[in-house]
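**Q**
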Amino acid sequence: MLSDLPRMQKGWVWLCGAGPGDPGLLTLHAVNALRQADVIIYDALVDDRILEWAGPGAECIYAGKRGGKPSALQRDISLRLVELARAGNRVLRLKGGDPFVFGRGGEEAQTLVQHGVPIRIIPGITAGIGGLAYAGVPVTHRDVNQSVTFVTGHDQSGQTPSALDWAAIAKGSQVIVVYMGMKHIARIASQLIDGGRDPNDPVAVVTTATMDSQQVLETTLARAADDIARAALEPPAIICIGQAVLMRQVLDWQAMLDGAVPRNTDPLDRGRPAESA
Ligand code: SAH
Numbered sequence: 312m313l314s315d316l317p318r319m320q321k322g323w324v325w326l327c328g329a330g331p332g333d334p335g336l337l338t339l340h341a342v343n344a345l346r347q348a349d350v351i352i353y354d355a356l357v358d359d360r361i362l363e364w365a366g367p368g369a370e371c372i373y374a375g376k377r378g379g380k381p382s383a384l385q386r387d388i389s390l391r392l393v394e395l396a397r398a399g400n401r402v403l404r405l406k407g408g409d410p411f412v413f414g415r416g417g418e419e420a421q422t423l424v425q426h427g428v429p430i431r432i433i434p435g436i437t438a439g440i441g442g443l444a445y446a447g448v449p450v451t452h453r454d455v456n457q458s459v460t461f462v463t464g465h466d467q468s469g470q471t472p473s474a475l476d477w478a479a480i481a482k483g484s485q486v487i488v489v490y491m492g493m494k495h496i497a498r499i500a501s502q503l504i505d506g507g508r509d510p511n512d513p514v515a516v517v518t519t520a521t522m523d524s525q526q527v528l529e530t531t532l533a534r535a536a537d538d539i540a541r542a543a544l545e546p547p548a549i550i551c552i553g554q555a556v557l558m559r560q561v562l563d564w565q566a567m568l569d570g571a572v573p574r575n576t577d578p579l580d581r582g583r584p585a586e587s588a
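For what it's worth, the numbering used here labels the leading residue of the sequence shown as 312, then goes sequentially.
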């Protein structure tokens with residue numbers, strides 16, 4: 312019952328993940344917060360249908376980048392949250408996916424704590440797991456991998472992150488999930504190939520994952536940049552690199568909803584017998 316969930320107190324900020332888009336992927340804690348907040352500050356990747364869960368008196372403030380307008384400065388957002396809380400509001404900071412995964416939620420939470428504002432953190436389903444699941448890609452599978460690496464395709468300066476050891480990732484990461492990778496995909500792919508990754512490694516690019524507009528491109532590391540350009544795909548996109556992508560041939564459940572049959576029920580060709588109960 313929602314009524315059993317925590318009450319939002321005045322002067323608090325709840326930092327909450329809204330999931331990758333599909334409102335059905337909100338948590339009960341997120342819905343509980345939406346129903347109670349006086350002020351909701353939300354990002355570009357939060358779907359409008361999610362804001363429809365807000366209480367009737369809630370003020371919704373947009374704090375992201377849309378239609379080419381410059382994004383609100385991160386520092387300004389954090390300080391705005393402090394001001395709103397100090398003014399006695401119940402503040403909901405709603406972020407796409409999970410607030411602590413490439414979402415700057417950690418920075419905002421830190422500023423709030425530094426200013427003495429009490430916080431609650433509500434995790435969300437991150438695009439790199441839930442978005443790929445909607446494309447039929449399991450980020451772990453016993454026949455494929457025992458580890459997953461989440462990387463960002465940009466650093467704070469907007470470049471491919473120079474602090475990352477791409478050669479080590481190329482060799483050591485069985486499955487690589489790239490957030491914010493569209494702009495620099497050509498560089499990322501060539502750094503991975505230079506680092507020893509197979510140019511034929513399968514790649515899936517999932518744009519607006521979990522939403523009605525979701526698109527999935529299957530390609531390879533060597534062809535990814537050209538194929539993305541040819542298909543004119545636009546961010547937001549989550550990019551998965553590795554054998555896990557092949558599982559889509561059997562697990563593309565959205566295509567099955569539309570009546571498609573699986574392309575291949577054993578894409579890894581391991582012939583693993585069905586597990587007995
Ligand atoms: N905190 C978010 C990530 C924010 S960074 C999370 O946990 O999911 C923004 C990046 O996330 C985008 O550039 C894209 O790579 C990815 N992303 C978020 N939502 C997405 C979606 N619905 N479809 C595809 N990629 C998404």
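Where a beta carbon is used, it is the ideal one built from N, C-alpha and C, also for glycine.
1) Within 7 Å: the Cβ of residue 549 and any heavy atom of the ligand SAH?
2) Is residue 379 buried or exposed, if buried means 16 or more other CB atoms sit within 10 Å of its CB?
3) Do residue 461 and the ligand SAH come close, with the Cβ less than 7 Å from some heavy atom?
4) Shorter than 7 Å, the distance from the beta carbon of residue 321 to the closest heavy atom of the ligand SAH, or not?
5) What is the residue span of the beta strand (DSSP E) that residue 530 lies within?
6) Since residue 283 contacts residue 336 with CB under 8 Å, what's their CB separation in whole angstroms?
7) Verify whether the separation of the beta carbon atoms of residue 349 and residue 370 is less than 8 Å.
8) Find the nearest neighbour of residue 388 within the set 346, 342, 324, judged by alpha-carbon distance.
9) Would you decide whether residue 312 is buried or exposed? Buried here means 16 or more other CB atoms lie within 10 Å of its CB.
10) Looking at the ligand SAH, does it come within less than 7 Å of residue 332, judged from the CB to the closest heavy atom?
11) Assign residue 576 to one of two classes, buried (16 or more other C-beta atoms within 10 Å of its C-beta) or exposed (fewer than that).
12) Tell me which same chain residues have a C-beta within less than 6 Å of the C-beta of residue 358, skipping the five on either side of it?
13) Per DSSP, what kind of secondary structure is residue 482 in: helix, strand or coil?
14) Can you give me the C-alpha to C-alpha distance between residue 415 and residue 447, rounded to a whole angstrom?
15) Residue 422 lies in the alpha helix (DSSP H); which residues open and close that run?
16) What does DSSP give as the partner residues of residue 325 in its beta bridges?
17) Am I right that residue 533 and residue 503 are in contact with their C-beta atoms under 8 Å? What's the rounded C-beta distance?
**A** Once the coordinates are examined:
1) Residue numbering aside, residue 549 sits at position 238 when the sequence shown is read from its first letter. Residue 549 Cβ: within cutoff of the ligand SAH.
2) One-based indexing of the sequence shown puts residue 379 at position 68. Residue confidence for residue 379 is low, a pLDDT of 47 falling below 50, so the modelled location carries little weight; the figure read from the coordinates is stated next. Note on residue 379: under 16 other CB atoms within 10 angstroms of its CB, so exposed under the neighbour-count rule.
3) Along the sequence shown, read from residue 1 onward, the residue named residue 461 stands at position 150. Not under cutoff, so the answer is no.
4) Position 10 of the sequence shown holds residue 321. False, no ligand heavy atom lies under 7 Å from that Cβ.
5) On the sequence shown, residue 530 is found 219 positions in, with the first residue counted as 1. For residue 530, the uninterrupted beta strand (DSSP E) segment begins and ends at 526-531.
6) Nothing can be reported for residue 283: it is not among the residues displayed for the chain, which extend from 312 to 588.
7) Working through the sequence shown from its first residue, we reach residue 349 at position 38. Working through the sequence shown from its first residue, we reach residue 370 at position 59. In this structure, residue 349 lies near residue 370, with their beta-carbon atoms less than 8 Å apart.
8) The residue you call residue 388 lines up with position 77 of the sequence shown. Nearest C-alpha to residue 388: 324.
9) Translated into positions along the sequence shown, residue 312 becomes position 1. Around the C-beta of residue 312, fewer than 16 other C-beta atoms lie within 10 Å, and the residue is accordingly described as exposed.
10) One-based indexing of the sequence shown puts residue 332 at position 21. For residue 332, the shortest separation between its Cβ and any heavy atom of the ligand SAH lies below 7 Å.
11) Within the sequence shown, numbered from 1, the residue matching residue 576 stands at position 265. Answer is exposed; the Cβ neighbour count stays below 16.
12) Locating residue 358 in the sequence shown gives position 47, where the first residue counts as 1. For residue 358, the CB contacts under 6 Å within the same chain, skipping 5 residues up- and downstream, are 332 in chain order.
13) The sequence position of residue 482 within the sequence shown is 171, counting from 1. If DSSP states are grouped into helix, strand and coil, residue 482 belongs with the helices.
14) Counting from 1 along the sequence shown, the entry for residue 415 is found at position 104. Counting from 1 along the sequence shown, the entry for residue 447 is found at position 136. So the two alpha carbons sit approximately 28 Å from each other.
15) In the sequence shown, the residue the question calls residue 422 occupies position 111. Note, residue 422: alpha helix (DSSP H), 416-425.
16) The residue given as residue 325 occupies position 14 in the sequence shown. In the DSSP output, where bridge partners are listed per residue, residue 325 has 403, 431.
17) Walking along the sequence shown from the start, residue 533 turns up at place 222. Walking along the sequence shown from the start, residue 503 turns up at place 192. The beta carbons of residue 533 and residue 503 sit about 10 Å from each other, so the pair does not count as a contact at 8 Å.
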